[in-house]
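Residue numbers (numbering that gives the first Met the number 0): 0 to 121. Structure first, commentary second.
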Amino acid sequence: MKDSFLGKRIRGGGYALKGAWLLIKNEPSIQVQFAISLVVTVAGFYFNITKTEWMFQCIAVGMVMSAEGLNTAIEAIADFVHPDFHQKIGHIKDVAAGAVCIAAFIAIIIGCIIYIPYIQAL
Numbered sequence: 000m001k002d003s004f005l006g007k008r009i010r011g012g013g014y015a016l017k018g019a020w021l022l023i024k025n026e027p028s029i030q031v032q033f034a035i036s037l038v039v040t041v042a043g044f045y046f047n048i049t050k051t052e053w054m055f056q057c058i059a060v061g062m063v064m065s066a067e068g069l070n071t072a073i074e075a076i077a078d079f080v081h082p083d084f085h086q087k088i089g090h091i092k093d094v095a096a097g098a099v100c101i102a103a104f105i106a107i108i109i110g111c112i113i114y115i116p117y118i119q120a121l
């Protein structure tokens, strides 16, 4: 089964889980995003948000954490390819970080749309 289609998919899933764990364990930026995701998850249960709000919240959290993970991978590749400072490598890293910033900004907007009405109703 090791080299079967299913075996390869299972092994690939294991690598993905290992990568997610390595991100959470070793990357401070992902750790911050993970902590924020726990806070908004608790808030979601506290305010009993709707299924639709849960979907948007999950998409926002996934979007930010995925962008952060891709940014981390891009930075690691850039550092591996060119360990010394280079203007083009710096530009690539800035653009990748900018993508995370955009994702985080949109997630903040989604969070505000979801939670401000609940907070105002307190």
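Positions of the beta carbon are idealized from the N, C-alpha and C atoms, including for glycine. In this text, all values refer to a predicted model and were calculated from it rather than measured experimentally.
I'd like the list of long-range same chain contacts for residue i, defined as Cβ closer than 6 Å, with 5 residues on each side in sequence excluded.
i     : result
Arg10 : none
Who are the near neighbours of residue i in its chain, counting only those whose CB is closer than 8 Å to its CB and skipping five residues on each side?
i     : result
Gly18 : Gly68
Taking the alpha carbon of residue i as the point to measure from, which residue in the options has its own alpha carbon closest?
i      : options                       : result
Ile112 : Gly97, Glu52, Leu5            : Glu52
Ile108 : Ala59, Trp20, Thr71, Gly89    : Ala59
Val94  : Phe46, Ala77, Asp83, Gly110   : Ala77
Ile48  : Tyr114, Leu121, Glu26, Ala120 : Tyr114
Leu22  : Pro116, Gln119, Ala75, Asp83  : Ala75
Would you decide whether residue i is buried or exposed? Buried here means 16 or more other CB atoms lie within 10 Å of its CB.
i      : result
Leu37  : exposed
Ile29  : buried
Val71  : Looking at the sequence itself, residue 71 is Thr, so the reference to Val does not match. By the 10 Å Cβ count, Thr71 comes out buried.
Ala34  : exposed
Leu5   : exposed
Gln56  : buried
Ala106 : buried
Looking at residue j and residue i, is the spacing between their C-beta atoms short of 7 Å?
i      : j     : result
Ala103 : Val63 : yes
Ala66  : Val99 : yes
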